[in-house]
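What follows is one structure encoded as structure tokens, with my remarks underneath.
Structure representation (structure tokens):
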């Protein structure tokens, strides 16, 4: 299905929980978040029904997010159920990697195709400060487990923060040299916990190209601009929602853990899906796609209009 601006919407990012095993400073407060009541979170049956409806409208890629999706009990069973839906070409997950040592083989066996793993620093102490309660060693063990399980072209996501991890750009990018990983640098967005941060924290991803050796642009079919330093097998990607707004190419919708469809990450508009079935559910999703805004406005010096932080939407 195409939206009113001619964009073909084929990508669904679906949050399966608002809970997380970390409390990253740009995502949630030090005390964490109020836990949604169990009955407020979409059941596996509801998720399966929603995904089937979205696929009937042309969605072909589904990404499971959180919070942290691996804290959701039975997540591998959900992967297995979604993998069985005809029409899904790619089933992916974004995770902080802390529980991958336990889950990687189970996820691969269940049919998960791709993994994106959050990794903002390679410094153990800095990792602890950014995540507040996380351990770098757990995430690194998760990377090893993912490779051993047979996952390939794993993407590592690093949120760029001026004065925090911009000094590690070369070291993080280096993980892409042999092609085991592809590294993505993501511009920090003024949403939720970091909406009022000092503007010095919000640095353009162009900084990455300034510190890497000779790089060449390579083709991409997503929102990330891909670059490859000379002699490297992997790619370094730039995701630039602020400095180079990519709304014209946005092909995604999002669904929150409590069943609200967000046509745009930075819009306040949410469409309830719970309680809808059959044609009514398909029509509600179609309404969201049809009403997807042309662009967001955070590049105009405004903070996000979203009523939720990232942990309540899905990264």
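Residue numbers (the working numbering): 71 to 385.
Glycine included, every Cβ here is placed at the ideal spot set by N, Cα and C.
As the structure is a computational prediction, the values presented were derived from the model and not from experiment.
- By the 16-neighbour rule on beta-carbons within 10 angstroms, residue 336 is buried.
- Secondary structure at residue 316: coil, using DSSP grouped into helix, strand and coil.
- In this structure, the straight-line span from the alpha carbon of residue 217 to that of residue 83 is close to 24 Å.
- Per DSSP, the unbroken alpha helix (DSSP H) holding residue 170 starts and ends at 170-180.
- A Cβ-Cβ distance of about 16 Å is found for the pair residue 230 and residue 265, leaving them out of contact under the 8 Å criterion.
- Taking 8 Å as the upper bound for CB-CB distance, residue 254 and residue 227 are in contact here, some 5 Å apart.
- In this chain, the alpha helix (DSSP H) harbouring residue 208 covers 206-218.
- Residue pairing by DSSP places residue 126 opposite no residue, since no beta bridge is assigned to it.
- In the DSSP assignment, residue 225 falls within the unbroken beta strand (DSSP E) covering 224-230.
- Residue 162 sits in a strand when the DSSP states are folded into three classes.
- Put simply, the backbone Cα of residue 104 is about 44 Å away from that of residue 299.
- Assigned with DSSP and collapsed to three states, residue 252 falls in strand.
- Excluding five sequence positions before and after residue 225, the CB atoms of its chain that fall closer than 6 Å to its own CB belong to 186, 252, 254, given in chain order.
- Within the same chain, Cβ atoms closer than 6 Å to the Cβ of residue 232 are found at 270, 271, 273, the five residues on either side in sequence being excluded.
- Taking the Cβ atoms as the reference, residue 152 lies roughly 6 Å from residue 121, within the contact range of under 8 Å.
- Judged by DSSP in its simplified three-state form, residue 149 adopts helix.
- Rounded to the nearest angstrom, the Cβ distance from residue 150 to residue 180 is 4 Å, consistent with a contact under 8 Å.
- Note that the C-beta distance between residue 127 and residue 293 is not below 8 Å.
- Out of 178, 202, 206, 183, the CA that lies nearest to the CA of residue 191 is found in 206.
- It is roughly 11 Å from the alpha-carbon of residue 356 to the alpha-carbon of residue 74.
- Remark: C-beta atoms of residue 208 and residue 241 do not approach each other more closely than 8 Å.
- Of the candidates 223, 247, 142, 156, 156 places its Cα closest to the Cα of residue 119.
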